[in-house]
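One structure is given below, encoded as structure tokens.
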Amino acid sequence: MSDTRYEAVLWDIGGVLVELASVRAGYAAFVAELADAHDLDREAALATWRETLGEHFRGREGTAYRPAREGYRTATAALFDGDPPDGWQRTFERATGAALRPVDGAVGTVERLADLGVAQAIVSDIDTREAETALATLGIRDRVAHVTTSEAVGFTKPDERMFRDALAALDVAPDAALLVGDRYEHDVAGAAAVRVDAAAFGADARGPAATHELDDLRDLPGVVAGRGA
0 MSDTRYEAVL
10 WDIGGVLVEL
20 ASVRAGYAAF
30 VAELADAHDL
40 DREAALATWR
50 ETLGEHFRGR
60 EGTAYRPARE
70 GYRTATAALF
80 DGDPPDGWQR
90 TFERATGAAL
100 RPVDGAVGTV
110 ERLADLGVAQ
120 AIVSDIDTRE
130 AETALATLGI
140 RDRVAHVTTS
150 EAVGFTKPDE
160 RMFRDALAAL
170 DVAPDAALLV
180 GDRYEHDVAG
190 AAAVRVDAAA
200 FGADARGPAA
210 THELDDLRDL
220 PGVVAGRGA
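For the record, in the sequence shown the residue sitting at position 64 is 63 according to numbering that gives the first Met the number 0, with numbers rising by one throughout.
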């Protein structure tokens with residue numbers, strides 16, 4: 000147990016640990032590679048791919064999760080009359096992995112919290128393989144004790160099962176954990192509903208349910224220790 004205000008930190012991935020712009024850049028690089036290999040217009044192919052992927056996620060019911068891998072296949076198939084080319088998954092993983100970048104200060108903050116003895120877990124609306132790959136790419140997988148994904152739980156945040164899964168895995172009480180998220184309804188309000196304090200990272204996460212507000216992840220260790228606002 001750490002000698003801090005919070006025993007555990009629950010992390011979102013996209014927009015908190017991983018730059019969303021780098022995720023989008025990886026998608027674009029993947030589609031561009033396919034377009035060049037199959038004589039497609041890059042711009043038109045990317046527009047079709049993005050729209051089809053968006054339709055996949057918009058088609059879910061409530062907080063029920065639709066695996067991203069299915070959306071990637073459907074979006075890629077839309078470029079090839081329903082039949083994606085052999086090897087497209089390898090191309091996708093290579094292109095997206097090469098583009099992935101951490102949010103400024105994220106890796107150092109995870110390392111610092113680990114040094115303080117703070118337990119850390121992921122609570123993210125993502126496929127499990129993608130989560131594991133992102134953490135390994137950032138070099139912090141060994142600092143994270145548990146990975147809760149929407150694919151594993153079957154639901155997206157703010158469904159309370161997402162937060163409770165991580166709490167149970169870490170064996171910590173809700174009031175001993177702090178969630179760091181970049182979306183208000185999904186992350187901050189969702190955590191507050193199960194009595195988990197939340198650090199709102201960025202303007203889109205701020206609101207009355209936020210316990211703390213962060214503009215720089217490097218300020219998080221102070222908050223966890225009980226020195227932050």
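From the three backbone atoms N, C-alpha and C, an ideal C-beta is built for every residue, glycine too.
Since we're looking at a predicted model, the values are computed, not measured.
So, for residue i: in the same chain, excluding its five sequence neighbours on each side, which residues have a beta-carbon less than 6 Å away from its beta-carbon?
i             : result
glycine 189   : Lys156, Pro157
threonine 75  : Pro83, Trp87
aspartate 214 : none
threonine 210 : Asp196, Ala197
alanine 24    : Ala98
alanine 67    : Asp126
Apart from the five residues just before and just after residue i, which ones in its own chain have a Cβ nearer than 7 Å to its Cβ?
i             : result
threonine 136 : Gly96, Leu99
leucine 169   : Ala7, Ala118, Ala120, Ala144, His145
glycine 70    : Leu52, His55, Phe56
arginine 65   : His55, Phe56, Gly58, Arg59
alanine 130   : Ile12, Ile121, Ser123, Val146, Thr148
threonine 73  : Thr51, His55
arginine 182  : Asp203, Ala204
With the cut-off set at 8 Å, would you say residue i and residue j are in Cβ contact?
i             : j           : result
leucine 52    : leucine 78  : no
alanine 105   : leucine 216 : yes
arginine 111  : proline 220 : yes
glycine 206   : valine 15   : no
valine 17     : proline 101 : yes
alanine 191   : alanine 208 : yes
glutamate 212 : alanine 199 : yes
Tell me the DSSP secondary structure of residue i in three-state form.
i            : result
valine 193   : coil
leucine 9    : strand
leucine 78   : coil
proline 207  : coil
threonine 3  : coil
alanine 199  : strand
proline 157  : coil
valine 17    : strand
threonine 62 : coil
valine 117   : coil
glycine 86   : coil
valine 102   : coil
leucine 134  : helix
glycine 107  : helix
glycine 180  : strand
leucine 213  : strand
proline 220  : helix
valine 143   : coil
With residue i and residue j assumed to form a contact (beta carbons below 8 Å), what rounded beta-carbon distance in angstroms separates them?
i                 : j                : result
alanine 204       : aspartate 186    : 6 Å
threonine 90      : phenylalanine 29 : 6 Å
leucine 166       : tyrosine 5       : The pair is not a contact, with the Cβ atoms about 12 Å apart (cut-off 8 Å).
isoleucine 12     : isoleucine 125   : 6 Å
aspartate 164     : arginine 194     : Their Cβ separation, rounded to whole angstroms, is 15 Å, which puts aspartate 164 and arginine 194 out of contact at 8 Å.
threonine 127     : threonine 148    : 5 Å
alanine 44        : alanine 34       : 4 Å
phenylalanine 154 : threonine 62     : 5 Å
valine 171        : arginine 160     : The pair is not a contact, with the Cβ atoms about 16 Å apart (cut-off 8 Å).
Enumerate in chain order the residues of its own chain whose CB-to-CB distance from residue i is below 8 Å, with the five nearest sequence positions on each side excluded.
i            : result
methionine 0 : Here methionine 0 scores only 49 on pLDDT, less than 50, and its place in the model is too uncertain to base an answer on.
alanine 113  : Gln119, Arg142
arginine 230 : Since the displayed the chain opens at 0 and closes at 228, residue 230 lies outside it and no answer follows.
glutamate 42 : none
Query raised in the report: Touch check for the segment 113–122 and the segment 78–97: three-plus C-beta pairs under 8 Å?
Result: Result no; under three Cβ-Cβ pairs closer than 8 Å.
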